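In UniProt numbering, the protein residues as written are 1 to 389.
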């Protein structure tokens, strides 16, 4: 940017590489006009940031528009984040498409998702779905620059000298020379090497890499342009605070489990204060049968409050759960391989009345369904709600 800005001190260290201004916009192909659609939950954050940065050159915002596919015009809502010390914009669609599990079905699923209007594809090295994502994107015919791709660094490549190599492997499989967002999947390190789950006597062999050093190696990938933004996933608050204190690039995003039964409101508020976007994985809670901790509970998406509220809007309980996350300014990552459900999930981006948001806020049970601490040899979420014993 041509404007010079002085970034605020952040917990004793200079936050001098990334700072983001958050917007919601609605883009469509019939014209290039954009409607500002700011949720009330973001107004205070936007005011806080804009009072510090008054000189923003609109030419530096890389506006994305949703392209017409198969004779239809699609619209897609975005969470926009303008990086103030780079001309590269971080634009994260509010409803994203997840590709965890069902590896063989993902090429067609990604194609169907893009055909129906999704513009964020979320994958990870450990999912084994990066090649399928690339094929699905290519099949869609939508240009790469109009697709937001997130992938994640796996635990077996945390040694600093392995980070860029791991990203390069992901880029090859994704058939792209950059990703829009690169996340550290977990703060814990496994033994470095080709084995995704290195084991001895049926136990994970942990590594010595410190997640701070791993993140610093990710910063180098960011500086080289191989990742347009970097962030983390599954960190505790203490781990986040240490990361901010000891690194120079503030994470663009933090992806963690979040849904009406695990809201972590204070943790989300902390991220807002630090200017870090939150992305919810498992927005349907215990819908995934792999979560053994969720089997003793009824399904979140069948919660009576969500179901009853859905009748008011002509939506399902699952769509209401997605809309609740969006109402709080977060992105959500549902997944499906069925076209009808893929469409329904995208239609979860609608506006709830404020009183309905508050009603869902009252449903918090502090139920966490994904905690691999015992298997990974690391105590995750030690200072957060829902820590499994």
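By construction, the Cβ of each residue, glycine as well, lies at the ideal position given by its N, Cα and C atoms. Quantities reported herein were computed from a predicted structural model and do not represent experimental measurements.
Limits of the unbroken alpha helix (DSSP H) element including residue i
| i | result |
| --- | --- |
| residue 122 | Unbroken run through residue 122 is the beta strand (DSSP E), 120 to 122; no alpha helix (DSSP H). |
| residue 376 | 373 to 376 |
| residue 115 | 106 to 115 |
| residue 325 | 317 to 327 |
Close-in-space but distant-in-sequence residues of the same chain around residue i (CB under 7 angstroms, 5 per side omitted)
| i | result |
| --- | --- |
| residue 386 | 262, 366, 367, 368 |
| residue 246 | 212 |
| residue 310 | 316, 317, 319, 320 |
Three-state secondary structure (DSSP) of residue i
| i | result |
| --- | --- |
| residue 298 | coil |
| residue 73 | Note that residue 73 scores 36 on pLDDT, short of 50, meaning its location in the model is unreliable and no value can be drawn from it. |
| residue 310 | helix |
| residue 255 | strand |
| residue 142 | coil |
| residue 385 | coil |
| residue 128 | coil |
| residue 175 | coil |
| residue 137 | helix |
| residue 268 | helix |
| residue 305 | helix |
Sheet register partners of residue i (DSSP bridge)
| i | result |
| --- | --- |
| residue 333 | 281 |
| residue 163 | In DSSP, residue 163 forms no bridge with anything. |
| residue 98 | 122 |
First through last residue of the beta strand (DSSP E) which encompasses residue i
| i | result |
| --- | --- |
| residue 262 | Premise fails: residue 262 is in no beta strand (DSSP E) and is neither H nor E. |
| residue 149 | 148 to 153 |
Sequence-distant residues of the same chain with beta carbon closer than 6 angstroms to residue i, five excluded per side
| i | result |
| --- | --- |
| residue 377 | 204, 206 |
| residue 312 | none |
| residue 373 | 379, 380 |
| residue 122 | 96, 98, 150, 333 |
| residue 352 | 323, 327 |
| residue 217 | 160, 163 |
Same chain, Cβ closer than 8 angstroms to residue i, neighbours up to 5 away in sequence not counted
| i | result |
| --- | --- |
| residue 194 | 156 |
| residue 254 | 231, 232, 233, 235, 240, 271, 276, 277, 278, 279 |
| residue 178 | 171, 225, 226, 227, 228 |
### Message
Just to confirm the assignment: which complete beta strand (DSSP E) runs, minimum length 3, are found wholly within the region 177 to 237?
### Response
Annotation: the region 177 to 237 contains the following complete segments of the beta strand (DSSP E) (minimum length 3 residues), in chain order: 181 to 184, 230 to 233.
### Message
List, from N- to C-terminal side, the alpha helix (DSSP H) runs of 4 residues or more that fit wholly inside the region 334 to 370.
### Response
If we require 4 residues or more, the alpha helix (DSSP H) runs fully inside the region 334 to 370 come out as 339 to 346, 354 to 361.
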